Ligand SMILES: C[S@@+](CC[C@H](N)C(=O)[O-])C[C@H]1O[C@@H](n2cnc3c(N)ncnc32)[C@H](O)[C@@H]1O
């Protein structure tokens, strides 16, 4: 059973595509005639010219909105598509879940004719710049150390790529790891944590002491004093990157 058959049950409750991030992804795919979305989940960020979604979790597939692209239950490592089947392949916030990322990226290169767009993050920047994992939940950072995709390795696997920073807006509607950087109370909500695999998979027991400290710092006002400068920012760079490869 795919891990998202368990942790994905309430995915759409907190994980709605953010329009600003959607615009950035759409721009990266604008000149593609057709797109396959790999690790598609519930269909966030799929441009209208998406022809197929690949997703291993049945629970995620059943949450795809009516009218979205057809979905096939399969994994990135074995894409059920012929060579050079589509103009572009996209893989958003999914590569860190793959059993064999090298095999999955090789498959993206096999099926795409012109472009591959991957959304992932730089774990070093994330650890340094995101107060939640740096100051409260180092266990979650350690969990991600083991699975985060190294961007230099990803670039090599893609045969070269450019990187675009993906700033996280303060009111980001897609509740991924750092989405609530300016809304710290959200991390105390178990429904929010359930939509963030880094937290859901690290486990409540390991997170409890750090979350208790966060709750205390919010109650006493210490959090707002310590992170006062953050409150004046509309968006921040905590390491999320769009990695874009143009294929020969
Ligand atoms: C955080 S969700 C992201 C979903 C969607 N791309 C989005 O941006 O909302 C990660 C997705 O990757 C999927 N996944 C896990 N292992 C996979 C694999 N080996 N191949 C393809 N997708 C996988 C999960 O089932 C889950 O739906």
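Numbering (the working numbering), first residue to last: 5 to 252.
Using N, Cα and C, we set each Cβ at its ideal position, and we do this for glycine too.
Model, not experiment: these values are computed from the prediction.
Inset, instruction - Would you check if there are 3 or more beta carbon pairs closer than 8 angstroms linking the region 229–240 to the region 157–175? - result: Verdict: yes, contact present.
Legend entry - Residues bridged to residue 19 (per DSSP): Within the DSSP bridge table, the entry for residue 19 names 178 as partners.
Inset, instruction - Determine, using beta carbons only, whether residue 122 and residue 131 come nearer to each other than 8 angstroms. - result: With respect to residue 131, residue 122 sits apart: the two C-beta atoms are not nearer than 8 angstroms.
Legend entry - N-terminal and C-terminal residue of the alpha helix (DSSP H) that residue 212 is part of: In the DSSP assignment, residue 212 falls within the unbroken alpha helix (DSSP H) covering 208–224.
Inset, instruction - Pull up the distance between the alpha-carbon of residue 78 and that of residue 42, whole angstroms please. - result: Residue 78 and residue 42: Cα-Cα distance of roughly 9 angstroms.
Legend entry - As assigned by DSSP and simplified to three states, the class of residue 86: DSSP, read as helix, strand or coil, puts residue 86 in coil.
Inset, instruction - Compute the beta-carbon to beta-carbon distance between residue 37 and residue 91, rounded to the nearest angstrom, for a pair I have assumed lies under 8 angstroms. - result: Between residue 91 and residue 37 the Cβ distance is about 5 angstroms, and since that is below 8 angstroms, they are a contact.
Inset, instruction - Can you grab the Cα-Cα spacing for the pair residue 159 / residue 224, in whole Å? - result: Going by the C-alpha atoms only, they are around 44 angstroms apart.
Inset, instruction - State buried or exposed for residue 188, treating a residue as buried only when at least 16 other CB atoms are found within 10 Å of its CB. - result: Flag for residue 188 reads buried.
Legend entry - Continuous alpha helix (DSSP H) stretch holding residue 197: start and end: Unbroken alpha helix (DSSP H) run through residue 197: 194–198.
Inset, instruction - Along the beta strand (DSSP E) that carries residue 244, what are the first and last residues, could you check? - result: From DSSP, the beta strand (DSSP E) with residue 244 extends over 244–250.
Inset, instruction - Output the distance between the C-alpha atoms of residue 268 and residue 233, rounded to the nearest integer angstrom. - result: This structure gives no information on residue 268, because the portion of the chain shown stretches from 5 to 252.
Legend entry - residue 55, enclosing alpha helix (DSSP H) - first and last residue: Careful: residue 55 lies outside any alpha helix (DSSP H), inside the beta strand (DSSP E) at 54–58.
Inset, instruction - Spell out the partners DSSP gives residue 94 in its beta bridges. - result: According to DSSP, residue 94 bridges with 41, 121.
Inset, instruction - Just tell me which of 74, 17, 250, 114 has its CA closest to the CA of residue 89. - result: For residue 89, the nearest C-alpha among the options comes from 114.
Inset, instruction - Could you check the C-alpha separation between residue 193 and residue 75 for me, to the nearest Å? - result: Residue 193 and residue 75 have their C-alpha atoms some 31 angstroms from each other.
Legend entry - Nearest neighbour of residue 146, chosen from 83, 180, 127, 196 [CA to CA]: Of 83, 180, 127, 196, the residue nearest in Cα terms is 127.
Inset, instruction - Indicate, with yes or no, if ligand 1 has a heavy atom lying under 7 angstroms from the CB of residue 46. - result: Distance from the C-beta of residue 46 to the nearest heavy atom of ligand 1 is below 7 angstroms.
Inset, instruction - Find the nearest neighbour of residue 45 within the set 84, 152, 191, 68, judged by alpha-carbon distance. - result: Cα-wise, what sits closest to residue 45 is 68.
Inset, instruction - List the endpoints of the continuous alpha helix (DSSP H) containing residue 263. - result: The shown model of the chain, from 5 to 252, leaves out residue 263, and the question about it has no answer.
Legend entry - One or two residues paired with residue 166 in a DSSP bridge: Residue 166 pairs with 248.
Inset, instruction - Quick one: grab the DSSP three-state call for residue 115. - result: Correct three-state label for residue 115: helix.
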